[in-house]
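Asker: Sharing a structure, written as structure tokens. Questions coming.
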Ligand SMILES: *Cc1c(COP(=O)(O)O)cnc(C)c1O
């Protein structure tokens, strides 16, 4: 038995090929063909969003959002996310300003945002970590008061809704990742969501070189288009979504019950969550390392998400005090979680953890 932190859901090759045939019939494999349109329309309905633009990954949407909103200077973010959140800010020529996270929700600590705002602040780019929503209402009030924009890195949030609407509907722009390791995937892929019509329009041009027809250009653009091959994978995974979510929910409930001795992720009230990750938080890094080693010995490979904390990146020059994020990053371990992880695998993992910690 070898168990990784995640396992890509693969539809049968037949299911994929049947959908691919449509691309062969049309001899059309990219440039927003019918499969991308079909995927967008299915996802729009499934997610309950008013708009969606499919993209080739979940990182370019972050960069496009910063570009489209015309952000300059400082962008408030947290060091407890995947590297893409911070690297996108730096890539776009802006400076990330780190604010600490909430010790239980693990999202940006909204009570610490205002103290970090300066005359150079243009936006807040926060991650809904592990699909757990940020304090979106409070963040919206702060952004309005200080006239700054909001981007949410919602890479983990496929299927999450908060206070009765899709999490992708919050903020000026939200982004998602459809990478093979994520809950819903297209191999590589992603999506971008914006509420404002003019902004949607701008993002659309941005994602296709600025093309307005074959020979005219509207502004600067990049290539962030999803291909028909990616969309075909998404369409093949799509019918399995219920099963994927139910299978993950079962595994999460097992871990939750069996590992009550650990600090676990606290999902915000009024969240319809997606069971995307199952982290446990140790009292010390030594405890984590001991358990990681014991699990590795039996071929189980949990992952230290997110470690190291992003302020340690070589291109981050000035670091404020972020004790909670640093501590969490050193003591958090994400356990294997995917829809068909077996009962035997789950109990083997749990027993190994308990034995190692003498629980
Ligand atoms: C996966 C991920 C991304 C990047 O998405 P890609 O599709 O791999 O480009 C960005 N932010 C977070 C928080 C992620 O987990």
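Numbering (the working numbering), first residue to last: 98 to 456.
For each residue, glycine too, the CB sits at the ideal point set by N, CA and C.
Taking 8 Å as the threshold (C-beta atoms), are residue 205 and residue 175 in contact?
Answerer: Cβ atoms of residue 175 and residue 205: closer than 8 Å.
Asker: Considering only heavy atoms of ligand 1, does any lie closer than 7 Å to the CB of residue 276?
Answerer: Yes, the Cβ of residue 276 comes within 7 Å of a heavy atom of ligand 1.
Asker: With hydrogens ignored, establish whether the beta-carbon of residue 178 is closer than 7 Å to any heavy atom of ligand 1.
Answerer: Under cutoff, so the answer is yes.
Asker: Can you confirm whether the stretch 305 to 315 touches the stretch 241 to 261 when touching is taken to mean that 3 or more C-beta pairs between the two stretches lie within less than 8 Å?
Answerer: Result no; under three Cβ-Cβ pairs closer than 8 Å.
Asker: Would you say residue 154 touches ligand 1, meaning its beta carbon is less than 7 Å from a heavy atom?
Answerer: Result yes, Cβ under 7 Å from ligand 1.
Asker: Do three or more CB pairs link the stretch 268 to 288 to the stretch 140 to 156 at distances below 8 Å?
Answerer: The stretch 268 to 288, when compared against the stretch 140 to 156, does touch it at the 8 Å Cβ threshold.
Asker: Who are the Cβ neighbours of residue 299 in its own chain at under 8 Å, not counting the five residues just before and after it?
Answerer: 165 and 316, listed in sequence order.
Asker: May I ask which residues mark the beginning and end of the beta strand (DSSP E) holding residue 249?
Answerer: Per DSSP, residue 249 belongs to the beta strand (DSSP E) from 246 to 250.
Asker: Classify residue 370 as buried or exposed, calling it buried when 16 or more other Cβ atoms lie within 10 Å of its own Cβ.
Answerer: So residue 370 counts as buried.
Asker: If you draw a straight line from the alpha carbon of residue 425 to that of residue 141, how long is it in whole angstroms?
Answerer: Near 35 Å, if we compare the C-alpha coordinates of residue 141 and residue 425.
Asker: Leaving aside the five residues before and after residue 450 along the sequence, list all residues of the same chain whose C-beta is less than 6 Å from its C-beta, in chain order.
Answerer: Closer than 6 Å at Cβ, skipping near neighbours: 388.
Asker: Just how far apart, CA to CA, sit residue 375 and residue 268?
Answerer: Going from the Cα of residue 375 to the Cα of residue 268 covers about 26 Å.
Asker: Can you name the residues that DSSP bridges to residue 400?
Answerer: Paired residues: 431.
Asker: Assuming residue 325 contacts residue 125 (C-beta within less than 8 Å), just tell me the rounded distance between them.
Answerer: Yes, residue 325 and residue 125 are in contact; Cβ-Cβ is about 6 Å, under 8 Å.
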